[in-house]
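**Student:** Next up is a structure, given as structure tokens.
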Amino acid sequence: MVAPKKSLGQNFLRDENIARKIVEHLGLQRDDIVVEIGPGQGALTKHLIATGAEAIAVEIDERAVAMLKETFGSTIAIISSDVLVVDLGELREKYGRPLHVVGNIPYYITSDILFWLFEHRRNVTDATIMVQLEVARRLTASPGTKDYGILSVFCQFYAKPKFLFRVSSNCFYPKPSVESAVVRLDFPREIPPIDDRLFRTVVRGTFGKRRKTLFNGLRFLGFEEQDLKKVEYDLAKRPEELSLHDFLALVRRLEPYTNEKVLSTFST
Ligand code: SAM
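Per our numbering, numbering of the sequence shown is gapless, rising by one per residue and ending at 1606.
Right, here's the structure in full:
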């Protein structure tokens, strides 16, 4: 038994039915390769192994790594590392197939893990992850709802997110202060053809001024007023009214008027 460390986001799943249900949602086949983020004491890992798929577990806590080695021996590959520095492209090459990803992830690095997944999306077919309920709602939110924002648009740009089910805080030890939910992200082979640096800048810049119109948000980003007047788009709208499709249309129309100042507003 590993004594839970708060600093590593260690809330161990202790509900067998939930663990089984998560793994069932992956629909793994014998030849599949599955990467588990933060296996901890192996609550999900044993169910992954039972599917016959090849499991690769990435865990930062050396105490948990030692325990996993003792429990599972050579039935899984264990990478003792911070998951954020793992190159999924290398793993895909090594195993010769695109990867499935699963994890009851540490919440303190949720955004980093999501962006790490988006970055590696070409090597991943799908990711089934436990996140804070609030994050699950934001990832899957529709335009015009209170949960809809930057994370919704980014996630829906890179993936097809699906809210699977809620998980009560009572299912963990220690009990976290937040409720959880499991989401599945399916990564399409291609993302929409667009200048994605400009896309990210426009989404972040306009939502940063959420209560403002698109016109004001875009002015703040550094677009010239006279150029914005030429853009054939209703810039009196507010960002939360725009679907992913609408953002793509807007960004395509803004492309001719983009300058370095706009693109350098955010560092990433
Ligand atoms: N999967 C286990 C379960 O369901 O009981 C553990 C889940 S616990 C919420 C998160 C796990 O992620 C812990 O085992 C923790 O040590 C690990 N972890 C934390 N930060 C990590 C990182 N940067 N890279 C890899 N694993 C990490």
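For every residue, glycine included, the Cβ atom is placed at its ideal position computed from N, Cα and C.
1. Can you find the residues in the same chain that come closer than 7 Å, C-beta to C-beta, to R1542, ignoring five residues on each side of it along the sequence?
2. How many Å lie between E1528 and R1535 at the Cα?
3. With C-beta atoms as the reference, is P1577 less than 8 Å away from T1544?
4. List, from N- to C-terminal side, the alpha helix (DSSP H) runs of 4 residues or more that fit wholly inside the region 1477–1517.
5. Relative to the alpha-carbon of Y1486, which residue among D1353, V1396, P1444, L1582 has its alpha-carbon at the smallest distance?
6. Would the C-beta of Q1367 count as close to ligand 1, meaning under 7 Å from any of its heavy atoms?
7. For C1509, which of P1342, E1354, V1340 has the nearest alpha-carbon?
8. Use the C-beta contact count for N1597: other C-beta atoms within 10 angstroms, 16 or more gives buried, fewer gives exposed.
9. Classify R1522 as helix, strand or coil using the three-state DSSP reduction.
10. Can you give me the C-alpha to C-alpha distance between K1343 and V1491, rounded to a whole angstrom?
11. In three-state terms, what does DSSP make of H1438?
12. Taking 7 Å as the cut-off, is the beta-carbon of A1381 closer than that to any non-hydrogen atom of ligand 1?
13. Give me, in chain order, the residues of the same chain whose beta-carbon lies closer than 8 Å to that of I1387; leave out the 5 immediate sequence neighbours on both sides.
**Tutor:** This is what the structure holds:
1. I1488, F1604
2. 16 Å
3. yes
4. 1488–1496
5. L1582
6. no
7. E1354
8. exposed
9. strand
10. 33 Å
11. strand
12. yes
13. A1393, F1410, T1413, I1414
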